[in-house]
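The opening position of the sequence shown corresponds to residue 47 in the numbering used here, with each subsequent residue numbered one higher. Cβ atoms here follow ideal geometry from the backbone N, Cα and C, with glycine treated the same way.
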Amino acid sequence: MEKYQEVFDKSLNNPEDFWAEAAESISWYKKWDVVLDSSDPPFYRWFRGGELNTCYNAVDRHVENGHGDRTAIIYDSPVTDTVRKMSWAELRDQVAQLAGALKQQGAEKGDTIIVYMPMIPEALVAMLACARLGVIHSVVFGGFAADELAIRIDHAQPKMILCASGAIEGKKKLAYKPLVEAAIEQSEHKPEKTIVFQRDFLQADLGQPGDLNWQELVKDAEPADCVPVAATDPLYILYTSGTTGMPKGVLRDNGGHAVALHWSMKNIYNMEPGDVYWAASDVGWVVGHSYIVYGPLLYGCTTVVYEGKPVGTPDAGAFWRVIAEHKVKALFTAPTAFRAIKKEDPEGLHLKKYDLSEYKTLFLAGERLDPDTYHWAKELLGVPVIDHWWQTETAWAIVANPMGIEQFPVKPGSATKSVVGYDVKILDSEGNELEPGEEGNIVIKLPLPPGTLATLWRNKERFISSYMSRYPGYYETGDGGYIDKDGYVFVMGRIDDVINIAGHRLSTGAMEEIVASHSQVAECSVIGIEDSLKGQKPLGLVVLKAGADCEVDKLNKELSLMVRNSIGPIACYRETVIVARLPKTRSGKILRGTMRAIAAGKEYRMPSTIDDPSCLEEIAMALKIIGYPVEQS
47 MEKYQEVFDK SLNNPEDFWA EAAESISWYK KWDVVLDSSD PPFYRWFRGG
97 ELNTCYNAVD RHVENGHGDR TAIIYDSPVT DTVRKMSWAE LRDQVAQLAG
147 ALKQQGAEKG DTIIVYMPMI PEALVAMLAC ARLGVIHSVV FGGFAADELA
197 IRIDHAQPKM ILCASGAIEG KKKLAYKPLV EAAIEQSEHK PEKTIVFQRD
247 FLQADLGQPG DLNWQELVKD AEPADCVPVA ATDPLYILYT SGTTGMPKGV
297 LRDNGGHAVA LHWSMKNIYN MEPGDVYWAA SDVGWVVGHS YIVYGPLLYG
347 CTTVVYEGKP VGTPDAGAFW RVIAEHKVKA LFTAPTAFRA IKKEDPEGLH
397 LKKYDLSEYK TLFLAGERLD PDTYHWAKEL LGVPVIDHWW QTETAWAIVA
447 NPMGIEQFPV KPGSATKSVV GYDVKILDSE GNELEPGEEG NIVIKLPLPP
497 GTLATLWRNK ERFISSYMSR YPGYYETGDG GYIDKDGYVF VMGRIDDVIN
547 IAGHRLSTGA MEEIVASHSQ VAECSVIGIE DSLKGQKPLG LVVLKAGADC
597 EVDKLNKELS LMVRNSIGPI ACYRETVIVA RLPKTRSGKI LRGTMRAIAA
647 GKEYRMPSTI DDPSCLEEIA MALKIIGYPV EQS
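As structure tokens, this is what we get:
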């Protein structure tokens with residue numbers, strides 16, 4: 047078997063041959079004219095001239111290859127007390143039936159449809175039905191505020207909206223239809239139809255013009271065949287937060303996306319067709335798109351759709367139950383999920399109830415994996431804990447430990463090495479490449495590999511200004527870090543999270559590593575606060591482990607000493623605030639920029655991706671008590 051360095055070198059030195067070979071694993075109606083079209087940089091396009099259908103590759107071909115009886119989807123919903131399995135044949139039939147219904151309602155290749163749904167199998171069916179017709183889907187996670195949904199309606203201009211009647215959030219039922227109605231009322235663009243999947247516990251009122259019942263529509267619909275699309279045609283739009291507060295619509299193509307995600311399942315995650323893969327995320331986030339829906343299904347793996355939380359549904363053993371019950375081989379989730387489990391069950395007592403003998407690997411991404419969480423997870427589970435780093439824009443990993451090619455020793459704090467196809471560099475602010483160990487801006491030399499963003503939806507200028515203008519010839523990730531002498535990449539956090547203390551640039555990520563290692567701390571965030579004397583100073587916000595008994599003054603002194611001993615007195619870490627929880631997006635990212643704005647008394651825009659807005663009020667109150675000039679925004 048080829049080793050990592052051979053494969054990696056081949057991918058950079060001859061990307062056309064490398065990815066053409068990988069593309070042979072995908073079914074094409076028509077092969078490409080050119081593998082890589084470099085005629086209009088930075089708008090590189092993969093497999094130009096090729097024709098395929100992503101839904102066919104993810105669903106129909108498995109049935110045609112004799113695997114129709116195998117399980118494609120395991121739906122596990124502790125909030126509704128439901129476990130349901132769907133075979134490949136059943137999935138194909140449901141997708142074809144819904145695609146037929148959409149076609150009858152006027153959906154055509156090139157149209158857009160918004161999918162606004164919770165974590166239920168029908169969310170996947172909706173996405174695949176769109177892909178089957180060549181319709182571009184934009185998934186907005188169910189429950190998003192009406193004004194944020196309205197922004198996406200106006201930007202994506204969907205012909206239709208597919209939604210569920212509602213979901214269970216905590217102990218409450220959340221109705222989706224009133225949110226959709228409010229969003230349509232606010233938006234200038236008016237979708238023609240709203241198709242509602244009625245759930246047993248919550249029925250939506252379908253009284254508005256264009257309202258249709260999903261179950262009734264599909265009952266009599268004629269199944270639709272897969273529509274051939276160009277490899278360079280859009281598959282989906284996925285919105286990611288922009289620095290202006292306005293979302294950016296990342297545009298993903300069909301061909302490069304299918305090739306890259308299929309390749310990643312074996313080479314990064316070491317999966318085989320028929321294995322059970324679980325990405326504990328949501329559709330509407332890139333992890334959900336790539337590794338709940340497209341990656342596993344393209345490769346022929348069983349995917350788990352989980353409607354629940356890591357804790358509270360019903361307890362901190364929820365993940366272990368799902369892994370044991372469904373014989374999950376690999377779990378992919380965010381470090382924040384494991385910090386939540388560690389907070390509730392620091393000794394890992396719940397794990398003792400379950401047999402995890404089939405379980406092989408834990409993959410983490412979405413937020414920096416601090417060494418303390420890494421060691422806790424590794425000791426608890428006794429399997430490799432693999433950190434890897436990627437972005438909404440890339441759709442798959444930039445830096446990872448390539449488990450299906452060659453497993454490298456783990457260095458806590460590092461996501462290991464550049465993934466095949468990604469030429470990662472560290473540059474200073476003037477664009478000069480830095481030496482091993484020197485911290486700077488993480489960039490990727492163009493062209494990016496297949497599967498990464500083709501452009502931004504309806505905004506080529508913003509695509510260039512956001513990613514391509516600062517370092518010509520490179521994609522700017524917006525993250526800072528360094529590469530050590532062994533080629534291991536250390537991602538220290540967003541460039542915005544570097545603070546300047548008396549002329550010294552220091553990483554808050556490095557301070558977070560130290561604070562997180564305290565025996566009483568479950569998770570933490572260190573943010574930079576304006577200081578009249580030193581320019582900026584660090585402030586630590588910490589969540590304590592369940593049952594921890596720790597006075598804030600004592601904790602503050604201990605943490606200050608730990609940071610001083612590790613980084614030096616220049617870090618000036620002298621202030622810690624204990625909070626009940628940290629504000630996060632639904633994908634697990636801590637909202638550091640928003641907390642910085644709150645602490646500085648500045649106006650801030652409520653992030654569209656926030657999981658629980660009330661958390662910001664708690665943070666504001668905690669900061670106000672200790673004298674920060676907090677103003678409600």
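Limits of the beta strand (DSSP E) - the one that residue 564 falls within: That residue, residue 564, is in no beta strand (DSSP E); it is neither H nor E in DSSP.
Spatial neighbours of residue 251 in its chain, beta-carbon cut-off 7 Å, leaving aside the 5 residues before and after: Taken in chain order, the residues that qualify are 223.
Rounded straight-line distance, which links the Cα of residue 381 to that of residue 469: Distance from the CA atom of residue 469 to the CA atom of residue 381, rounded to whole angstroms, is 26 Å.
Beta-carbon proximity check, residue 111 vs residue 73, cutoff 7 Å: With a cutoff of 7 Å on beta-carbon distance, residue 111 and residue 73 are scored as not near each other.
Residue ranges of each beta strand (DSSP E) within the stretch 277 to 348, 3 or longer: Fully enclosed beta strand (DSSP E) runs of 3 or longer: 280 to 286, 294 to 299 and 322 to 325.
Residue of 574, 384 and 58 minimising C-alpha distance to residue 620: Checking every option, the nearest Cα to that of residue 620 belongs to 574.
Burial state of residue 433 (16 or more Cβ within 10 Å): Under the 10 Å beta carbon count, residue 433 is surrounded by 16 or more other beta carbons and is classified as buried.
Cβ pair count under 8 Å reaching 3, the stretch 407 to 424 against the stretch 558 to 571: Between the stretch 407 to 424 and the stretch 558 to 571 there are three or more C-beta pairs closer than 8 Å, enough to call the two in contact.
Cβ shell of residue 315 (< 6 Å), same chain only, five flanking positions each side left out: Excluding sequence neighbours, residue 315 sits near 376.
Nearest residue (CA-CA) to residue 567, options 107, 583, 601 and 555: Restricting attention to 107, 583, 601 and 555, the CA atom closest to the CA of residue 567 is found in 601.
Exposure of residue 148, with buried meaning 16 or more beta-carbon neighbours within 10 Å: Under this definition residue 148 is a buried residue.
Same chain only: Cβ atoms within 8 Å of residue 303, ignoring 5 sequence neighbours per side: Closer than 8 Å at Cβ, skipping near neighbours: 100, 281, 340, 441, 496 and 497.
Neighbourhood of residue 467 by C-beta, 6 Å cutoff - its chain only, sequence neighbours within 5 removed: Cβ neighbours of residue 467 beyond the five flanking positions: 57 and 495.
Residue 643 beta carbon near the ligand ADP (any heavy atom closer than 6 Å): By its list of ligands, the structure shown contains no ligand whatsoever, and the ligand ADP lies outside what it can speak to.
Own chain, CB closer than 6 Å to residue 698, minus 5 neighbours either side, in chain order: A question about residue 698 goes unanswered here, because the residues of the chain that appear run from 47 up to 679.
Residue 593 to residue 249 span [Cα, whole Å]: Distance between the alpha carbons of residue 593 and residue 249: 41 Å.
Sub-7 Å separation of residue 350 and residue 166 beta-carbons: Cβ distance not < 7 Å, so residue 350 and residue 166 don't count as in contact.
Environment of residue 130 [buried if 16+ CB atoms lie within 10 Å]: Per the 10 Å Cβ criterion, exposed.
For residue 183, three-class secondary structure by DSSP: DSSP places residue 183 in the strand class (E or B) of the three-state scheme.
Residue 447 in three-state terms, based on DSSP: DSSP places residue 447 in coil when its eight states are reduced to three.
Proximal residues to residue 83 (C-beta, below 6 Å), its chain only, five neighbours per side dropped: Here residue 83 has 91 and 94 as same chain residues with Cβ atoms under 6 Å from its own Cβ, once five neighbours each way along the sequence are excluded.
For residue 420, the three-state DSSP class (helix, strand or coil): Here residue 420 sits in helix by DSSP.
Beta bridge counterpart(s) of residue 215 as assigned by DSSP: The partner list for residue 215 (beta bridge, DSSP) reads 218.
Three-state secondary structure assigned by DSSP to residue 128: The three-state reading of DSSP puts residue 128 in strand, counting E and B together.
Local conformation of residue 239 per DSSP, three classes: In the structure shown, residue 239 sits in a strand (DSSP, three-state: E or B).
Reference residue 210; option with closest CA among 163, 326, 189 and 240: Nearest C-alpha to residue 210: 163.
Residues near residue 228 in its chain [Cβ-Cβ closer than 7 Å; skip 5 each side]: If we look at residue 228 and ignore the five residues flanking it on each side, its Cβ neighbours are 192.
Option nearest residue 226 by Cα separation, candidates 256, 217 and 218: Minimum Cα distance to residue 226 is reached at 256.
Coarse secondary structure for residue 59, derived from DSSP in three states: Per DSSP, reduced to three states, the secondary structure at residue 59 is helical.
Member of 379, 411 and 372 whose CA lies at the smallest distance from the CA of residue 400: Its Cα nearest to that of residue 400, the residue 372 stands out among 379, 411 and 372.
Burial state of residue 289 (16 or more Cβ within 10 Å): Any reading at residue 289 must be qualified, since the residue scores a pLDDT of 47, below 50, and its modelled position is unreliable; the value itself is stated next. Around the beta carbon of residue 289, fewer than 16 other beta carbons lie within 10 angstroms, which makes this residue exposed.
Burial state of residue 106 (16 or more Cβ within 10 Å): Burial is judged here by how many other beta carbons sit within 10 angstroms of a residue's own beta carbon; residue 106 has at least 16 and is buried.
Which of helix, strand or coil DSSP assigns to residue 51: In the structure shown, residue 51 adopts helical secondary structure according to DSSP, grouped into three states.
Boundaries (first-last residue) of the alpha helix (DSSP H) holding residue 92: Annotation for residue 92: no alpha helix (DSSP H) segment contains it, though the beta strand (DSSP E) segment containing it runs 91 to 94.
Limits of the unbroken alpha helix (DSSP H) element including residue 390: Start and end: 381 to 390.
Buried/exposed call for residue 60, threshold 16 Cβ in 10 Å: Answer is exposed; the Cβ neighbour count stays below 16.
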